[in-house]
Amino acid sequence: MRRLLLVVAPALVLACSGATGTSNPPAGKPVPSTEPAPAESDSAGFATPQGAEEQPRGEPVQAEASPELAARIKNKFGERCRFERACGDLVGVDCESAVDGPYHYVRRDSLEIVSQCGGACRRGCTDCPPKAWTCPTY
């Protein structure tokens, strides 16, 4: 046991004194991670739905109507109704849907109703917007 102590003690003293010898080299600089750092967010830890960054495909929504189209809409649906947006050949006509009025999806050329939403129709209409509406919705 003494022999073991005589052999181990000098090695231990040498290692603890900081003298160079057979000690391990100092660790290098840490290697940066290849993963991007998480973006800072003020979302309070709420998860973002998958695909939230993706924009819906389809045509852009037209937000303004020609004066002629606006007049045709008022003549057919009444003074409470106005052009809200258009997508291809379909037009969204808002008849004060925010206060329980109807919202119509109509054909641009004939103003034929393709689908009606809002108002009394909220009790069962499910084709809103209709499948032909290929533009992004709100």
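Counted the way mature numbering (1 follows the signal peptide of the UniProt record, and there is no 0) counts, the sequence shown spans residues -21 to -1, 1 to 117. Glycine included, every Cβ here is placed at the ideal spot set by N, Cα and C.
Contact set for SER94: own chain, Cβ-Cβ below 8 Å, skip 5 residues either direction: Working through the sequence shown from its first residue, we reach residue 94 at position 115. Closer than 8 Å at Cβ, skipping near neighbours: HIS83, TYR84, CYS104, ASP106, CYS107, PRO108, PRO109.
message: Using CA atoms only, rank isn't needed, just tell me which of CYS74, ASP79, PHE62 is closest to ARG87.
response: Working through the sequence shown from its first residue, we reach residue 87 at position 108. In this structure, PHE62 is the residue among CYS74, ASP79, PHE62 with its C-alpha nearest to the C-alpha of ARG87.
query: Does the separation of the CB atoms of CYS66 and TRP112 fall below 7 Å?
result: Counting from one through the sequence shown, the residue named residue 66 turns up at place 87. Counting from one through the sequence shown, the residue named residue 112 turns up at place 133. Inclusion of CYS66 and TRP112 in the CB contact set at 7 Å is warranted, their separation being smaller than that value.
- prompt: With C-beta atoms as the reference, is GLY98 less than 7 Å away from PRO81?
  reply: Along the sequence shown, read from residue 1 onward, the residue named residue 98 stands at position 119. Along the sequence shown, read from residue 1 onward, the residue named residue 81 stands at position 102. Yes, the Cβ-Cβ distance between GLY98 and PRO81 is below 7 Å.
- request: Could you tell me if ARG64 is buried or exposed, where buried requires 16 or more neighbouring beta carbons within 10 angstroms of its beta carbon?
  value: Within the sequence shown, residue 64 is the residue found at index 85, counting from 1. It counts as buried.
message: Quick check on DSSP: helix, strand or coil for LEU48?
response: As a working mapping, residue 48 is identified with position 69 in the sequence shown. LEU48 sits in a helix when the DSSP states are folded into three classes.
message: Could you compute how far the alpha carbon of VAL78 sits from the alpha carbon of ARG59?
response: The residue given as residue 78 occupies position 99 in the sequence shown. The residue given as residue 59 occupies position 80 in the sequence shown. Whole-angstrom Cα-Cα distance: 11 Å.
field: Cβ-based burial, SER45 [other Cβ within 10 Å; buried from 16]
entry: Position 66 of the sequence shown, counted from the first residue, corresponds to residue 45. With fewer than 16 other Cβ atoms from the protein chains shown falling within 10 Å of its own Cβ, SER45 counts as exposed.
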